[in-house]
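**Q**
In my numbering, the protein residues as written are 255 to 389.
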């Protein structure tokens, strides 16, 4: 055992841009939510959840970190792609960074810009356009 040393808590507000591409507009999601011909899962996950995310868009998500000595614990919203952890680690040189996601599951997957071009499961279900365009 050893003393922890410095302890620091930081939190910043984070607003992610909402998707407005085909099938992801507010009108598309609201129509899907209200369409009783759709399955319950489709109405919830492709309709109600994106509508809820859009309705609370003005309330920021929280991006927070806890530093315990030489270790940083980073808490991200949604299910972030690995590139975000690698980027956070690159900012901290030789100190370890542990990342925990799903501080708020509202935004769903938080993908990199490249992932939207590559396609796949995660970008298909993402409700926002990601944290930064630099990825």
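Just so it is clear, CB atoms sit at the ideal spot from N, CA and C, and this is done for glycine as well.
1. Helix, strand or coil for residue 265 per DSSP?
2. With DSSP as the reference, label residue 255 as helix, strand or coil.
3. Am I right that residue 304 and residue 268 are in contact with their C-beta atoms under 8 Å? What's the rounded C-beta distance?
4. Name, in chain order, the residues that DSSP records as bridge partners for residue 315.
5. Check this for me: beta carbons of residue 287 and residue 302, under 9 Å apart or not?
6. Per DSSP, which one or two residues make a beta bridge with residue 278?
7. Have a look at the DSSP bridge pairing and note the partners of residue 353.
8. Does DSSP put residue 340 in a helix, a strand or coil?
**A** Inspection of the coordinates gives the following:
1. strand
2. Three-state DSSP puts residue 255 in coil, outside helix and strand.
3. So it is not a contact: roughly 18 Å between Cβ atoms.
4. For residue 315, which the question treats as bridged, DSSP gives the partners 268.
5. yes
6. DSSP, once it has assigned bridges, lists no residue as partnering residue 278.
7. Beta-bridge pairing links residue 353 to 328.
8. helix
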